[in-house]
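Colleague: Going by our numbering, the letters in the sequence shown line up with residues 125 to 312, in that order. Ideal Cβ positions, reconstructed from N, Cα and C, are used throughout, including at glycine. Quick one: structure below, then a few questions.
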Amino acid sequence: EPGGTEWISAYCEMMIISEAPLVLALDTSTVVNVGLARGDQVLATATVADRMAHVEQLMPLVSECLDAAGIRMADLGQLIVGLGPGPFTGLRVGVVTAQVLSFALGLELRGVCSLDVLAAQFVAASRGEFVVATDARRREVYWARYRDGLGCALPLGLPAAFTEPVPRPIEELVARYARTHGPFTERE
């Protein structure tokens, strides 16, 4: 019933979601991943598992997500890019694409550790410490150890995410990443 407590709560939630910026997220640290969200509502996702097709697949996936959600590029409010760890070639495709989109659309760009994103998906189901690992190829893994706390995954000894906008040019980004995660290594 309009005016009732449940109606007001639903209306306020709808207003919060509609005022949250549209966020486009790109991650090419392993496979090619694209996501579109507003607040905590996921509007569209797309993935291509071909580890050798980052350049060919990233922008078509962006277009696919935008089309699926009925969103135009001009409607975006923020860009997020995965900063790895991962093979440098794949990361470079995602980071440079995000920088170009950020510049062309005049949007803020933020970087996030790809392992932290994976950890955030599982923190609600975990208790205590847990490990997130991805394939680094050549019988190696990229990994980080986390513990749950206050509704988010807290890495043990690694930064959770960059909280400042991603620097330009790319050399600054690589230097910043190397200071927090160590140097990039080519693992292809």
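So, at 6 Å on beta carbons, what are the nonlocal neighbours of leucine 282 in its own chain, with the 5 sequence-adjacent residues on each side left out?
Modeller: Your numbering for residue 282 matches position 158 in the sequence shown. Below a pLDDT of 50, predicted positions are generally treated as unreliable, and leucine 282, at 41, falls in that range; the measurement from the model is reported next regardless. Around leucine 282: Ala268.
Colleague: Compute the minimum distance between the beta carbon of tyrosine 270 and the heavy atoms of the ligand FMN, and state whether it is under 7 Å.
Modeller: Among the ligands in the structure shown, none appear at all, so the ligand FMN cannot be discussed.
Colleague: According to the neighbour-count rule (16 or more other Cβ atoms, all chains shown, within 10 Å of its Cβ), is serine 226 buried or exposed?
Modeller: If you number the sequence shown from 1, residue 226 lands on position 102. Buried.
Colleague: If you reduce the DSSP assignment to three classes, tell me which class valine 158 lands in.
Modeller: Stepping through the sequence shown from its first residue, residue 158 is reached at position 34. DSSP places valine 158 in strand when its eight states are reduced to three.
Colleague: Rounded C-beta distance between valine 224 and isoleucine 204? I'm assuming under 8 Å.
Modeller: The residue you call residue 224 lines up with position 100 of the sequence shown. The residue you call residue 204 lines up with position 80 of the sequence shown. Actually they do not touch by this definition, with Cβ atoms about 15 Å apart.
Colleague: Express the C-alpha separation of alanine 144 and glycine 210 in angstroms, rounding to a whole number.
Modeller: Residue mapping note: residue 210 aligns to position 86 of the sequence shown, counting from 1. Residue mapping note: residue 144 aligns to position 20 of the sequence shown, counting from 1. Glycine 210 and alanine 144: Cα-Cα distance of roughly 30 Å.
Colleague: From the DSSP output, in three-state form, read off arginine 303 for me.
Modeller: Residue numbering aside, residue 303 sits at position 179 when the sequence shown is read from its first letter. Correct three-state label for arginine 303: helix.
Colleague: Shortest alpha-carbon distance to arginine 261 belongs to which of Ala299, Gly206, Thr154?
Modeller: Position 137 of the sequence shown, counting from 1, holds the residue named residue 261. Comparing Cα positions, the closest option is Thr154.
Colleague: Using 10 angstroms around the beta-carbon of aspartate 72, count the other beta-carbons present and answer buried if the total reaches 16, otherwise exposed.
Modeller: Outside the shown range of the chain, which is 125 to 312, sits residue 72, and nothing can be said about it.
Colleague: So, helix, strand or coil for glycine 214, using DSSP?
Modeller: By one-based count along the sequence shown, residue 214 stands at place 90. DSSP places glycine 214 in helix when its eight states are reduced to three.
Colleague: Taking the DSSP output, what are the residues bridged to aspartate 240?
Modeller: Here residue 240 refers to the residue found at position 116 when the sequence shown is read from its first residue. Answer by DSSP bridge pairing: none, since aspartate 240 is not bridged.
Colleague: For methionine 183, which residues of its own chain have a beta-carbon under 8 Å away from its beta-carbon, when the five flanking residues on both sides are left out?
Modeller: What you label residue 183 is simply residue 59 of the sequence shown in a count that begins at 1. Correct list, in chain order: Thr221.
Colleague: Output yes or no for whether 8 Å exceeds the beta carbon distance between valine 179 and valine 219.
Modeller: Counting from one through the sequence shown, the residue named residue 179 turns up at place 55. Counting from one through the sequence shown, the residue named residue 219 turns up at place 95. It is not a contact, given that the beta carbons lie outside the stated cut-off.
Colleague: In three-state terms, what does DSSP make of alanine 177?
Modeller: Here the question's residue 177 lines up with position 53 in the sequence shown. Reduced to three states, the DSSP call for alanine 177 is coil.
Colleague: Could you pull the DSSP bridge partners for valine 219 from this structure?
Modeller: As a working note, residue 219 is residue 95 in the sequence shown. None; valine 219 has no bridge partner.
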